[in-house]
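Here is the structure we will look at.
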Amino acid sequence: MDFAYTESELAFQKELRAWLEENLPEGWLEGKRVIPEDDNQKAAFLRDWYRKLAEGGWSGISWPKEYGGRGASLMQEVIYEQEMARVKAPPALNIIGTAMVGPTLLQIGTDYQKERYIEKILNGEEIWCQGYSEPNAGSDLAAIQTKAVKKGDKWIINGQKIWTSYAHLADRCFLLARTENTGKKHEGITAFLVDMHQEGVETRTIRSINDRRDFNEMFFNDAIAYDADIVGEVNQGWKVSLILLSHERVGVARQTFRLQKQFEELVELAKSMKKNGRPLAADPLVRQNLAIFRTKTKALLFNYYRHLTNTIRAGRPGPEGSMDKLASSELGQEMLAYAISLQGASGTLWKGDASVDQNWQQEYLRSFAYTIEGGTSEIQKNIVGERILGLPKDIKY
Amino acid sequence: MDFALNEEQLMFQETTRQFLESKGDLAIPRDYMNGKKQVLEDLWNGLGSLGFMGINISETYGGLGLGALSLVPILEEMGRSVVPGPYPETVAFAVPLLEAYGSAEQKEKYLPEIAAGKRKFSLALLEESGELSPSAIQLKAEQRGNEYVLQGKKILVPYADIVDTLIVPVRTGGTSQAEYGISLILVDCNQANLTMQELQSIDETRKLVNVSFQDVKVPNTQLLGMENEGWAILETGLNHLNAAFASTMVGGIERVVEMSTEYAKTRQQFGQPIGRFQAVKHRIVDMKLALESSRSLSYYASWAAENNAEELSEAVSMARSFISEAYIKAAGANIQNHGGMGFTWEFDCHLFLKRARSLENHLGSPEYHREKIAVELGWSENVIPEILMS
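Those sequence lines, one after another, are chains A and B.
Letter by letter, the first sequence follows residues 5 to 401 of my numbering.
Letter by letter, the second sequence follows residues 3 to 392 of my numbering.
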């Protein structure tokens with residue numbers, strides 16, 4: 005049993021740390037971490053940050069060197085997530101492109117697709133989104149109804165997608181559409197690479213409970229894709245989507261490390277807030293709760309390390325990632341809720357009027373998506389129950 | 003990065019499981035509950051010949067010279083089978099303390115016998131107040147010539163009825179409140195006139211005994227470590243012992259997860275195995291998640307013990323506070339998952355619940371350990387409210 009990083013892993017960490025200190029937006033490390041609220045300003049901010057990452061060689065680090073990546077090891081990827089969480093780096097705008105679409109194209113894409121897309125994913129020239137969920141296909145993703153019908157070498161796409169992150173900023177979409185109705189849900193789905201800048205594609209932002217507009221609806225009205233835009237085989241889209249998922253090697257590393265950081269901030273909050281003239285951190289009940297959160301955040305981290313050890317030994321991630329996802333999302337919610345409680349009567353003030361740091365209120369509201377996005381807690385529990393414990397499969401129709 | 007047991011440790015796990023199965027698995031605690039104290043002798047002899055009594059005893063004294071982490075797989079297996087007996091007290095309290103603080107004579111006397119499975123230890127810690135603090139140690143040891151004379155009473159001593167040696171924190175000096183003035187004495191039960199009062203507990207697999215010391219004379223040479231400096235030694239020992247209890251509880255949680263899973267696969271209602279219903283399935287998943295976290299925290303605690311890491315106390319208190327509660331909850335859910343059958347004496351579900359309860363407040367309640375975490379991490383005032391000390 006050994007928690008230490010190797011020499012080369014430490015060197016990698018040091019290099020990234022130094023780069024971040026040089027390149028994070030001004031004032032970021034000192035705590036001025038506000039992403040503009042205005043949609044256009046925010047988009048420009050995220051594009052800038054992504055371009056910086058790409059230019060510094062810090063996007064798509066796990067990609068092979070010949071395609072502009074670093075050929076990073078799994079441990080390096082984990083360290084990357086750890087460092088990004090440590091400085092609370094802004095989100096990487098093209099994460100769908102670098103983490104999922106790119107590696108999938110490198111694995112099963114055509115020569116044309118590699119030639120056409122790979123470089124532009126990495127350098128951020130083209131931002132990608134992922135067209136999966138639909139109004140009637142959420143947890144039951146295979147129930148998608150968006151249709152693509154073949155007409156010569158063209159495919160005509162009609163339907164609606166929803167919950168697409170950054171679709172309003174995206175240039176391209178990795179889209180799942182139904183190309184055949186065999187009566188079996190998982191059959192007859194095809195994966196397309198769709199141009200977002202065409203008449204048949206319209207996006208509408210969704211206003212979330214945290215007053216942000218990061219999610220979108222997408223409407224396809226006779227949108228067009230070509231044979232050359234199909235990933236894998238026609239009607240094999242479900243398999244392709246699983247390949248796409250398999251490139252998520254580090255699981256919830258970012259969230260796990262972010263929670264470690266958030267816990268430290270929670271303690272600072274409890275030290276700074278006063279009740280009856282004494283810091284909250286001196287209150288016996290508060291101390292009990294903080295100790296519970298300390299224990300749970302550490303347990304989360306060590307669970308992650310144990311599962312990571314399994315992944316390293318087996319050469320690929322197992323279903324344990326679902327347990328990490330479940331635990332991290334539920335714990336994140338719990339901890340952020342407590343951070344609001346600690347702030348007392350002014351705990352509900354937000355944005356410019358927040359009494360401590362507006363990120364608490366923002367992230368508290370955001371946390372309600374943790375247990376929904378990327379597979380709800382209920383779906384994760386089914387996966388753990390069925391794939392890890394071997395319990396009977398849910399009743400499905 | 004490597005956060006898993008190594009091959010040798012996995013082998014210990016397998017060997018222990020085979021050994022305990024050959025001895026009857028859950029029939030072991032059942033037999034003990036039915037008054038067959040002989041099962042402990044069988045166990046000890048068997049563990050001795052497997053070399054499992056000497057895992058962390060140095061090779062000079064007949065052990066394997068390994069660390070706390072190598073005990074983890076064995077302790078987990080014992081927890082799985084709700085094994086009775088003072089294995090944790092012997093290997094995870096007496097052994098590390100004798101190794102670190104014992105005189106050459108004490109090591110020579112005790113360690114080879116422990117390694118051979120011929121000597122059992124327990125810890126006689128609590129007194130009337132039931133509290134775990136320096137001020138609670140009031141049993142007097144007065145020095146007369148080359149002997150200590152012990153006067154007082156210890157309560158809730160595990161397995162005092164059958165152990166060979168008790169490690170007894172006593173007061174040899176200082177004020178009655180202070181850490182200074184506490185010493186640890188090794189009391190060989192067959193040499194001393196101890197009055198034992200065996201107690202009835204819902205966990206019949208852990209015999210608890212009140213022990214009275216009336217003018218009990220013990221040679222000076224039985225002092226463990228420095229006189230009056232015993233509190234710090236005791237704390238070190240408790241860290242090792244609590245890490246060990248955490249591992250036994252992880253074994254128990256693992257077992258109830260398996261029991262529930264198996265039962266949910268086979269028990270049918272409404273024409274379905276009940277594990278198909280999310281209300282049942284998701285409850286078992288919650289148990290599984292608690293098991294994962296418990297195991298991670300217990301590994302970490304034993305890792306810290308083996309490496310004498312700075313964060314040892316915190317790691318142990320995180321493990322104990324979390325796992326004690328997780329075990330109680332999982333054992334309770336296991337009864338619910340078994341329906342009416344889970345409520346019967348005949349089914350094994352209750353063994354785990356009772357063991358979980360009997361360990362909950364043993365050597366520090368969850369609240370006590372959480373406050374300790376707060377103190378360890380330096381959150382404001384360094385004051386443990388008295389109310390949390392029990």
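Using N, Cα and C, we set each Cβ at its ideal position, and we do this for glycine too.
Remember, it's a predicted structure, so these values are computed and weren't measured experimentally.
List the residues of chain B that residue i touches, going by C-beta distances under 9 Å, in chain order.
i	result
V271 (chain A)	L379, W381
N280 (chain A)	The contacting residues do not exist; N280 (chain A) stays about 13 Å from chain B at best.
Residues of chain A with a CB under 8 Å from the CB of residue i: which are they?
i	result
H242 (chain B)	In chain order: nothing, as chain A lies at least about 16 Å away.
K267 (chain B)	G394, L395, P396
I116 (chain B)	None at all; the shortest Cβ gap to chain A is about 25 Å.
What are the partner residues of residue i, as DSSP defines its beta bridges?
i	result
Y150 (chain B)	B:Q145, B:V220
D190 (chain B)	B:T167
M198 (chain B)	B:V213
D404 (chain A)	For residue 404 (chain A) there is no data in the structure shown, the boundaries of chain A being 5 and 401.
N220 (chain A)	A:T168, A:T209
A227 (chain A)	A:I161
G135 (chain A)	A:L179
K155 (chain A)	A:K158
F196 (chain A)	A:L179, A:I234
V282 (chain B)	None; V282 (chain B) has no bridge partner.
In chain order, what residues of the same chain have a beta carbon less than 6 Å from the beta carbon of residue i, not counting five sequence neighbours either side?
i	result
L168 (chain B)	S124, A126, V189
G119 (chain B)	W46, N47, L49, G50, M55
P275 (chain B)	K267
L179 (chain A)	G135, F196, V198
V388 (chain A)	S326, M327
A321 (chain B)	A248, L299, S300, A303
Go through its chain and collect everything with a Cβ distance to residue i's Cβ below 8 Å, but skip five positions before and after it.
i	result
I392 (chain A)	P323, E324, S326, M327
Q337 (chain A)	S371, F372, Y374, T375
L192 (chain A)	Reading off the sequence shown, one finds Gly at residue 192 (chain A), where the question assumed Leu. Excluding residues within five positions, the ones whose Cβ falls inside 8 Å are R182, T183, E184, N185, T186, N239.
R217 (chain A)	D43, H172, T209, I210, R211
G176 (chain B)	Y182, G183, I184, N230
Output, in chain order, the set of chain A residues within a Cβ distance shorter than 7 Å of residue i.
i	result
M261 (chain B)	Per Cβ cutoff of 7 Å: no residues; M261 (chain B) is ~12 Å from chain A at best.
H340 (chain B)	Correct list: empty, because the minimum Cβ distance to chain A is about 15 Å.
L291 (chain B)	M327, L330, A331
P275 (chain B)	P396
What do you get for residue i, buried or exposed, if any count of 16 or more other CB atoms within 10 angstroms of its CB means buried?
i	result
A22 (chain A)	exposed
V385 (chain B)	For V385 (chain B), the pLDDT reaches just 49, beneath the cut-off of 50, and the residue's location in the model is therefore unreliable, although a value from the coordinates is still provided. With fewer than 16 other Cβ atoms within 10 Å, it is exposed.
F345 (chain B)	exposed
F7 (chain A)	exposed
T18 (chain B)	buried
D205 (chain B)	buried
F272 (chain B)	exposed
G348 (chain A)	exposed
G60 (chain A)	exposed
R320 (chain A)	exposed
E388 (chain B)	Because E388 (chain B) carries a pLDDT of 49, less than 50, the predicted location of this residue cannot be relied on, and no value is offered for it.
S12 (chain A)	exposed
T301 (chain A)	buried
V258 (chain B)	buried
Give the residues of chain B in contact with residue i, contact being defined as C-beta atoms less than 8 Å apart.
i	result
K329 (chain A)	Chain B residues near K329 (chain A): none, gap ~11 Å exceeds 8 Å.
M79 (chain A)	M3
S283 (chain A)	What sits at residue 283 (chain A) in the sequence shown is Pro, not Ser. Residues of chain B passing the Cβ test: S382.
N239 (chain A)	Chain B residues near N239 (chain A): none, gap ~31 Å exceeds 8 Å.
V388 (chain A)	V287, K290, L291
Just to make sure I have the definition right: I need the residues of chain A whose C-beta is within less than 9 Å of the C-beta of residue i. Which are they?
i	result
L71 (chain B)	M5
What in chain B is Cβ-close to residue i, meaning under 7 Å?
i	result
K69 (chain A)	Those do not exist, as K69 (chain A) stays about 23 Å from chain B at its closest Cβ, beyond 7 Å.
A303 (chain A)	S295, S298, L299, F324
Y342 (chain A)	Correct list: empty, because the minimum Cβ distance to chain B is about 15 Å.
I399 (chain A)	R278
T315 (chain A)	Near T315 (chain A) there are no residues of chain B at all, since even the closest Cβ is about 10 Å away, more than 7 Å.
Near residue i, which residues of its chain fall below 7 Å by C-beta distance, leaving aside the five closest residues on each side in sequence?
i	result
M391 (chain B)	Note that M391 (chain B) has pLDDT 49, beneath the 50 cutoff, so the model's placement of it is unreliable and the number below is only indicative. Cβ neighbours of M391 (chain B) beyond the five flanking positions: E133, L134, S135, Y370.
G334 (chain B)	L355
R298 (chain A)	F267
Y265 (chain B)	N339, H340
S245 (chain A)	L180, A195
### Task
Give, in chain order, every unbroken run of the alpha helix (DSSP H) that is at least 4 residues long and sits entirely within the segment 293-353 of chain A.
325-346
### Query
What residue ranges within the segment 21-63 of chain B form continuous alpha helix (DSSP H) runs of no fewer than 4 residues, ordered along the chain?
29-35, 40-52
### Query
Between the segment 347-371 of chain B and chain E, which residues of the former have CB atoms less than 7 Å from a CB of the latter, in chain order?
Absent here is chain E; the protein component of the structure consists of chains A and B.
### Query
Fully enclosed by the segment 227-290 of chain A, which alpha helix (DSSP H) runs are 4 residues long or longer?
241-250, 257-276
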